[in-house]
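One structure below.
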Amino acid sequence: MLTLLDLAGVFVFAVSGALTASRKELDLVGFAFIATVTGLGGGTLRDLLLDLGPVFWVHKPHYLLVTTIAAVLVFFTAHRVEVRYRLLMWADALGLALFCVVGARIARDAGAPFPVAVLMGMTSAVVGGLLRDIICNELPLVLRRELYWTPALLGAVVAIGLDGLGLPPAVGGLFGFAAAFALRAAALLFDLALPAYKPRPGRAWGREVPASALRATGGRPQTP
Amino acid sequence: MLTLLDLAGVFVFAVSGALTASRKELDLVGFAFIATVTGLGGGTLRDLLLDLGPVFWVHKPHYLLVTTIAAVLVFFTAHRVEVRYRLLMWADALGLALFCVVGARIARDAGAPFPVAVLMGMTSAVVGGLLRDIICNELPLVLRRELYWTPALLGAVVAIGLDGLGLPPAVGGLFGFAAAFALRAAALLFDLALPAYKPRPGRAWGREVPASALRATGGRPQTP
Amino acid sequence: MLTLLDLAGVFVFAVSGALTASRKELDLVGFAFIATVTGLGGGTLRDLLLDLGPVFWVHKPHYLLVTTIAAVLVFFTAHRVEVRYRLLMWADALGLALFCVVGARIARDAGAPFPVAVLMGMTSAVVGGLLRDIICNELPLVLRRELYWTPALLGAVVAIGLDGLGLPPAVGGLFGFAAAFALRAAALLFDLALPAYKPRPGRAWGREVPASALRATGGRPQTP
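Line order of the protein sequences matches chains A, B and C. At position 33 of the first sequence (counting the first as 1) the number is 33 in the numbering used here, and the numbers step up by one without a gap. At position 142 of the second sequence (counting the first as 1) the number is 142 in the numbering used here, and the numbers step up by one without a gap. At position 85 of the third sequence (counting the first as 1) the number is 85 in the numbering used here, and the numbers step up by one without a gap.
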């Protein structure tokens, strides 16, 4: 079950990676490399940090098969999709919701305490997409205003929280996934966001700045 | 003692991470994630490279507590600070000076030879801030003109050099920290820099370029 | 033999790193750090993923010596080179061809299945340069149009393919290296490229766009 979820997460993240490769107009080998890094990056870092031996895909080449299939699929069909950027967002959201659950559980099984397991869930969920954006020179999704880390945090907490109450794994998995996906979906659909840090107008940088000047620069005084 | 220094280094680096998050106007969860990556990134890479088992914070969740506290603190107080960018620089400088000593010593204890231990000190000191800048899409501090790597190098050399002479750890630690911090502080205050590489005017790119043209582009001919 | 090739690969990649540092006008310590990251980055990630214990250079400080020598050499001579950017490309190409063979073989020796070993060859060959470009804030070479991943893929496949046929290591190594280098050289000399993904004009983004408008933006409609 965990394996199946994991494969599904790898696939959708690989799709998101290949879609980013399509924005950069890479060739097929580039598609496959970016898809692989995006699909496997988060889990790989998790395994490295937990010291789980060779990372999970080293002796399971079918993971590479999955990411390569995703890359080929996107390479030959993406031009038919009318809203590739939206698709990228949704593939990323699915991967996020799947991996925060899987990652947190693997960490828990490896003996990590609760807060560390939550961070590992977030790491699994966020790092693949982060590497995708950094390698492809895109503005990292994690810097966008709508909720991104919080859904991953929520999904991880719900999943291993319910596990901790002794409920069957299917329950924790389902609720964790649903919570993370619902929150991220709401963020995408309604631009949902936590209150972001905002330098207080007039206090920022220790001098009075007229509100109008602030508005022109998006609430931020010009000087670094 | 090493643990206390380590925690202090994690805290100040986490503060620098949270300050960068404030420049990006992230939400509280984003603050916590960036603070954690900045505070723990350098030591994490060090532990991975030395193969020290699960990285140091996996079974010590209080490290996450420290980075989260730093994030919350900065989130709710940074707008009161008049010179946040300067504060970021100084928090980063403190972290640098603490981690180059701690990192080099941990590597030495793990049996690494002298030059490798020095590099591990530099890695611990530099990588957290580097990840912070890359994830937040800021120009990496390491590319700035004033001394950055050299203080880390100096601190590591002094600390494990004095240790090697058989002096008590407090001596090496104190002098290593002081040397690194003093040099970095001098760099910040007086724009201190080693001679940087400069393409020789008139020789560069194999053709004569008038000195005036070079000056206009900061000493660099226009073409790549 | 493997060690010698490895050292040669480290040296040329270190040179490419130092050349990038020269474009950024860093100081000597910065040169050494970037040269080291570029020279050792790919093999380091390979060793981490395969869980081969402390990474290869931790107990072999002569690797650091090699990268430092490369840095010093470039620092004091690069201004005499008339075509530093071209040199960077060729040093990178040499490193790529050497590391795809070495990396794939080390993975094979560690028991990785064929496709994973190929990916490890590509990782060794590509990651050092990728880190160099990301740290130095340059457009990653991997995003350029001419063949970059494919030569690494080819070299790895040829080398461990011939090894698998029972031929002596020198044969597989030579042919793998030659194949990768020839293909990358051809890419550099003739702008050789695989067909890149191109959004189909008129279908892209689900609306008719006049071909002329597409041409003006390099075949891409303006909106994200």
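In this text, a Cβ means the ideal position worked out from N, Cα and C, and glycines have one as well.
Can you pull the chain C neighbours of residue i, defined as C-beta to C-beta under 7 Å?
i: Thr38(B); result: Neighbours of Thr38(B) on chain C: none; closest Cβ ~16 Å, over 7 Å.
i: Leu48(B); result: Leu48
Counting only Cβ pairs nearer than 8 Å, list the residues of chain C close to residue i.
i: Met122(B); result: Phe33
i: Ile160(B); result: Going along chain C, no residue has its Cβ under 8 Å from Ile160(B), so there is no contact; the nearest lies around 14 Å.
i: Leu130(B); result: Ile135
i: Pro113(B); result: His59 and Pro61
i: Ala193(B); result: Asp27
For residue i and residue j, which I take to be in contact (beta-carbon distance under 8 Å), what is that distance rounded to the nearest angstrom?
i: Thr20(B); j: Arg132(B); result: 5 Å
i: Val74(C); j: Phe13(C); result: Actually they are not in contact, since the Cβ atoms of Val74(C) and Phe13(C) sit about 12 Å apart, beyond 8 Å.
i: Ala35(A); j: Ala70(A); result: 5 Å
i: Leu96(A); j: Pro151(A); result: 6 Å
i: Ala107(B); j: Arg46(B); result: 7 Å
i: Leu40(C); j: Tyr63(C); result: 6 Å
i: Leu7(A); j: Val83(A); result: 26 Å between Cβ atoms; not a contact.
i: Ile160(A); j: Arg105(A); result: 6 Å
i: Leu141(C); j: Asn137(A); result: The pair is not a contact, with the Cβ atoms about 12 Å apart (cut-off 8 Å).
i: Trp149(B); j: Val29(C); result: 4 Å
i: Gly42(C); j: Ala125(C); result: 6 Å
i: Phe33(A); j: Met120(C); result: Wrong, their Cβ atoms sit about 13 Å apart, outside the cutoff.
i: Ile134(C); j: Ile134(A); result: 6 Å
Find out if the Cβ-Cβ distance for the pair residue i, residue j is shorter than 7 Å.
i: Gly9(B); j: Leu98(B); result: yes
i: Ala156(C); j: Val127(C); result: no
i: Val225(A); j: Ala178(C); result: A query on residue 225(A) cannot be resolved here, the shown segment of chain A reaching from 1 to 224 and no further.
i: Val55(B); j: Leu130(A); result: no
i: Leu189(C); j: Leu147(C); result: no
i: Leu196(B); j: Cys100(B); result: The question names Leu, but residue 196(B) in the sequence shown is Ala. Not a contact, by the Cβ cut-off of 7 Å.
i: Val116(B); j: Pro61(C); result: yes
i: Val158(B); j: Gly176(B); result: yes
i: Leu143(B); j: Lys24(C); result: yes
i: Thr38(B); j: Ser16(B); result: yes
i: Val72(B); j: Leu5(B); result: no
i: Asp51(B); j: Gly53(C); result: yes
Can you look up residue i in the DSSP assignment and give me helix, strand or coil?
i: His79(B); result: helix
i: Arg46(A); result: helix
i: Gly279(B); result: Since the first residue shown for chain B is 1 and the last is 224, residue 279(B) is missing from the structure and cannot be characterised.
i: Gly111(B); result: coil
i: Asp191(C); result: coil
i: Phe11(B); result: helix
i: Leu139(C); result: coil
i: His59(A); result: coil
i: Pro151(C); result: helix
i: Gly53(C); result: coil
i: Asp233(C); result: Lying before the first or after the last residue shown, residue 233(C) is absent from chain C, which here runs from 1 to 224.
i: Leu26(C); result: coil
i: Ala196(B); result: coil
i: Arg86(C); result: helix
i: Gly202(A); result: Because the pLDDT at Gly202(A) is just 40, under 50, the model does not fix this residue reliably, and the value given afterwards should be weighed accordingly. Three-state result, Gly202(A): coil.
i: Arg105(A); result: helix
i: Arg184(C); result: helix
i: Ala179(C); result: helix
Can you list the residues of chain A that residue i reaches, using a CB-CB cut of under 8 Å?
i: Val116(C); result: Trp57, Val58, His59, Pro61 and Leu64
i: Thr44(B); result: Leu49
Closer than 7 Å by beta-carbon distance: list the chain B residues that pair up with residue i, in chain order.
i: Leu153(A); result: Val29
i: Pro54(A); result: Ordered by position in chain B, no residue passes the 7 Å Cβ test against Pro54(A), which lies about 13 Å from the chain.
i: Thr20(C); result: In chain order: nothing, as chain B lies at least about 11 Å away.
i: Ser75(C); result: Reading off the sequence, residue 75(C) comes out as Phe, not Ser. Within chain B, the residues near Phe75(C) are Tyr197.
Using a cut-off of 9 Å between C-beta atoms, extract the partners of residue i located in chain B.
i: Phe13(C); result: Here the premise fails: no neighbours, minimum Cβ distance about 16 Å.
i: Leu139(A); result: Asn137
With respect to 6 Å, is the separation between the Cβ of residue i and the closest non-hydrogen atom of the ligand FMN below this value?
i: Phe11(B); result: This structure lacks the ligand FMN, and indeed carries no ligand of any kind.
Run down chain B in chain order and give the residues with a C-beta less than 8 Å from the C-beta of residue i.
i: Leu119(A); result: Thr36 and Leu64
i: Thr150(A); result: Asp27 and Val29
Anything in chain C within Cβ reach of residue i, meaning under 9 Å, just list it in chain order.
i: Leu143(B); result: Lys24, Leu26, Gly30, Ile135, Cys136 and Asn137
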